[in-house]
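Everything below concerns the one structure shown next.
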Amino acid sequence: MIILYSFLSVTLLGLIFGVGLSMASKALAVRKDEKVEAVESKLPGINCGACGYAGCSGYAEAIAKEEEEDLTLCSPGGPDVALELAEIMGVEVEISNQRMVAQVFCRGNDERSKTEFVYQGVTDCNAAYLYFGGNKSCKYGCLGLDSCIKVCPVDAIIHDEDGCVWVDKELCISCGKCIDICPTGVMKLIPHEADYIVACNSKDKGAVTRKYCSVGCIGCKMCEKASPEGGYKVDNFLATIDYSMDGEREAASVKCPPKCILSLKGVTVKDEKN
Amino acid sequence: MTYIAILITFVFISNFVLTQFLGICPFIGVSKNVDSAVGMGFAVTFVMALASIATWAIQHLVLIPLKIEFLQTITFILVIAALVQLVEMVIQKISPPLYKALGIYLPLITTNCAVMGIALIAVRSDFSALESFVAGIAAGFGFLLAIILMSTIREKLDAEWIPKHLRGVPIAFITGGLMALAFMAFDKALINNLFPGL
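Chains A and B are the protein sequences, given in the same order. For what it's worth, the numbering used here labels the leading residue of the first sequence as 2, then goes sequentially. For what it's worth, the numbering used here labels the leading residue of the second sequence as 170, then goes sequentially.
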């Protein structure tokens, strides 16, 4: 009798729950918006937050419900994704912005840059920055405590063989998280196609910069003279490159006394100095 | 008074995670940040309350009349799994924001042994329907308390220097062990002192 009861009760319970659940799933089925799903499937799905929404699904929902009109906010996806989104939504988009990548404007490692004190706190740039702007004598440079490396969603930032923090431009999706977290502002966006970069962020006078760093820009304006068409411009004792000008920039790189103008041609992670 | 005693018992004296060591998997797995820990805690509370009352009904309306109490385990598993599925569907239909907050954690709870634990303990303690319900809620709150404490500690641990081999889960287990030691201070004597003659 007991065998029969137990067999029957478990079978019945299982049957009731099974049928109940299958009916419930029909009755309670939630229709998902097809447009949201279509848009979301086109987005990269890495939830980096560069668009300003909480993850890809948030952006997809905003687009599908036509709350968000700008279809080009997804920087990891770039123009390809923007075009696909435009196709789904049936609108035209203007693709104007080229692909940008983040880069560290500093090549000062332990040997090249002087430090003021030994920092033994938490391994975090923002924590170190609270103490007199970091332990480096240069208050504009890279503190090298890996805050950007930790925050990068695609692991594009690494320590290269020089011990400097460097961004692999092929991996970078220009989400801007590293730029937001960096306390010294040494990370900036440059075009993916950029061939040269002035790898310094120091706005101190040349003599001051020279004292604490062997690879810091001293604002000598040699680059302006050597490559007049290259878009070099020295402001506040710091050279910058205007990438809208596409003249040659190599001569300036060779002439530069502290050798802080680096070639990026075909180089992802490499230091050509020394 | 018994309800208050049940509440205190399951939140502090026999806290599911820190005294009975049930439901350790989500306790370690979902305690990396406070937000998700709170979500998980409330989802577990919700399911425990429902499961304890559902299993009480099965026990007293099916198993005892048919004298097949030995089927407790298998039927309770069945009931809890079906219940969680149903709850997930209902929440998704009725309240999408709540589903977004709890949704990913609900399927995880199906196999959480703490839920099974409260069902069996409630039956073994001869609780009435309401007592089972209160015990379910109290056990859930105990879990919530433990996981919130744990997640706040782990958020602080993230900024500390920890030997490399202890980073992540190992230090979390050590932390959990120390917390369990602290919870040993809550003794059954607490109930006797608070409510003499209970």
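All residues carry an ideal CB built from backbone N, CA and C; glycine is no exception.
N-terminal and C-terminal residue of the alpha helix (DSSP H) that residue i is part of
{"i": "B:Pro339", "result": "338 to 352"}
{"i": "A:Val278", "result": "Because residue 278 of chain A is not part of the residues shown, which for chain A are 2 to 275, the question remains open."}
{"i": "A:Thr210", "result": "207 to 213"}
{"i": "A:Leu16", "result": "3 to 28"}
{"i": "A:Met188", "result": "Careful: A:Met188 lies outside any alpha helix (DSSP H), inside the beta strand (DSSP E) at 188 to 192."}
{"i": "B:Gly208", "result": "203 to 227"}
{"i": "A:Tyr130", "result": "126 to 130"}
{"i": "B:Ile370", "result": "Outside the modelled stretch of chain B, which goes from 170 to 367, sits residue 370 of chain B, for which no answer is possible."}
Which listed residue (the options) has its alpha carbon closest to that of residue i
{"i": "A:Pro339", "options": "A:Tyr60, A:Lys36, A:Gln121", "result": "The requested residue 339 of chain A is not part of the displayed model; chain A covers only 2 to 275."}
{"i": "B:Val213", "options": "B:Met319, B:Met285, B:Pro365", "result": "B:Met285"}
{"i": "A:Gly50", "options": "A:Arg32, A:Ser76, A:Cys201", "result": "A:Ser76"}
{"i": "A:Gly287", "options": "A:Phe118, A:Phe238, A:Arg250, A:Asn136", "result": "Residue 287 of chain A lies beyond the stretch modelled for chain A, which goes from 2 to 275, so this question has no answer here."}
{"i": "B:Ala251", "options": "A:Phe118, A:Ile64, A:Val20", "result": "A:Val20"}
{"i": "B:Phe245", "options": "B:Ile287, B:Asp327, B:Ile331", "result": "B:Ile287"}
{"i": "B:Val256", "options": "B:Ala283, B:Ala291, B:Met217, B:Ile227", "result": "B:Met217"}
{"i": "A:Ser26", "options": "B:Ile197, B:Lys201, B:Met258, B:Lys236", "result": "B:Met258"}
{"i": "B:Leu247", "options": "A:Gly135, A:Glu117, A:Phe18, A:Gly91", "result": "A:Phe18"}
{"i": "A:Ile89", "options": "A:Gly186, A:Ser138, A:Glu171, A:Lys36", "result": "A:Lys36"}
{"i": "A:Pro137", "options": "A:Ile150, A:Asp111, A:Ala128", "result": "Looking at the sequence provided, one finds Lys at residue 137 of chain A rather than Pro. When each option's Cα is compared against that of A:Lys137, the closest is A:Asp111."}
{"i": "A:Pro192", "options": "A:Asp125, A:Asp247, A:Leu74", "result": "A:Asp247"}
Residue i versus residue j - alpha carbon distance
{"i": "B:Asn362", "j": "B:Leu277", "result": "38 Å"}
{"i": "A:Leu29", "j": "B:Lys262", "result": "6 Å"}
{"i": "A:Met101", "j": "B:Leu314", "result": "46 Å"}
{"i": "A:Leu14", "j": "B:Thr279", "result": "17 Å"}
{"i": "B:Val338", "j": "A:Ile182", "result": "26 Å"}
{"i": "A:Ile242", "j": "A:Cys173", "result": "20 Å"}
{"i": "B:Leu275", "j": "A:Tyr132", "result": "45 Å"}
{"i": "A:Gly56", "j": "A:Asn48", "result": "4 Å"}
{"i": "B:Ser320", "j": "A:Cys153", "result": "23 Å"}
{"i": "B:Ala349", "j": "A:Leu5", "result": "45 Å"}
{"i": "A:Ser58", "j": "A:Ser148", "result": "27 Å"}
{"i": "B:Ala358", "j": "B:Phe179", "result": "14 Å"}
{"i": "B:His229", "j": "A:Ser42", "result": "49 Å"}
{"i": "A:Cys221", "j": "A:Lys140", "result": "20 Å"}
{"i": "B:Leu219", "j": "B:Ile343", "result": "32 Å"}
{"i": "A:Pro229", "j": "A:Ser254", "result": "12 Å"}
{"i": "A:His160", "j": "A:Phe106", "result": "14 Å"}
{"i": "A:Gln99", "j": "A:Gly79", "result": "8 Å"}
{"i": "B:Ala307", "j": "B:Ile316", "result": "14 Å"}
{"i": "B:Ile227", "j": "A:Leu16", "result": "15 Å"}
{"i": "B:Ile233", "j": "B:Phe296", "result": "14 Å"}
{"i": "B:Pro399", "j": "A:Asp34", "result": "Nothing about residue 399 of chain B can be reported from this structure: the residues present for chain B run from 170 to 367 only."}
{"i": "B:Phe215", "j": "B:Pro195", "result": "15 Å"}
{"i": "A:Gly164", "j": "A:Gly109", "result": "9 Å"}
{"i": "A:Leu74", "j": "B:Ile290", "result": "54 Å"}
{"i": "B:Ser183", "j": "B:Gly210", "result": "17 Å"}
Residue i, DSSP secondary structure in three states
{"i": "B:Phe179", "result": "helix"}
{"i": "B:Ile197", "result": "helix"}
{"i": "A:Leu74", "result": "coil"}
{"i": "A:Val199", "result": "strand"}
{"i": "A:Tyr54", "result": "coil"}
{"i": "B:Gln261", "result": "helix"}
{"i": "A:Ala103", "result": "strand"}
{"i": "B:Leu187", "result": "coil"}
{"i": "A:Lys178", "result": "helix"}
{"i": "A:Leu172", "result": "coil"}
{"i": "A:Thr185", "result": "coil"}
{"i": "B:Thr279", "result": "coil"}
{"i": "A:Lys271", "result": "Bear in mind that the predicted position of A:Lys271 carries a pLDDT of just 46, short of 50, making it too unreliable to give a figure here."}
{"i": "A:Glu69", "result": "coil"}
{"i": "B:Lys325", "result": "helix"}
{"i": "B:Ile173", "result": "helix"}
{"i": "A:Pro258", "result": "coil"}
{"i": "B:Phe245", "result": "helix"}
{"i": "A:Leu86", "result": "helix"}
{"i": "A:Arg108", "result": "coil"}
{"i": "A:Met246", "result": "coil"}
{"i": "A:Arg32", "result": "coil"}
Residue interval of the beta strand (DSSP E) (run including residue i)
{"i": "B:Trp330", "result": "Run containing B:Trp330: none; DSSP gives neither H nor E here."}
{"i": "A:Ile262", "result": "262 to 264"}
{"i": "A:Tyr233", "result": "233 to 236"}
Residues that residue i bridges to, as DSSP identifies them
{"i": "A:His160", "result": "A:Val166"}
{"i": "A:Ala240", "result": "A:Val235"}
{"i": "A:Lys222", "result": "Answer is none; A:Lys222 lacks a bridge partner."}
{"i": "B:Ser301", "result": "Answer is none; B:Ser301 lacks a bridge partner."}
{"i": "A:Gly137", "result": "The sequence as given places Lys at residue 137 of chain A; Gly does not occur at that position. Looking at the DSSP assignment, A:Lys137 forms a beta bridge with A:Thr116."}
Cβ-heavy atom distance, residue i to the ligand FAD, below 6 Å
{"i": "A:Cys49", "result": "Among the components of this structure there are no ligands whatsoever, and the ligand FAD is therefore not found."}
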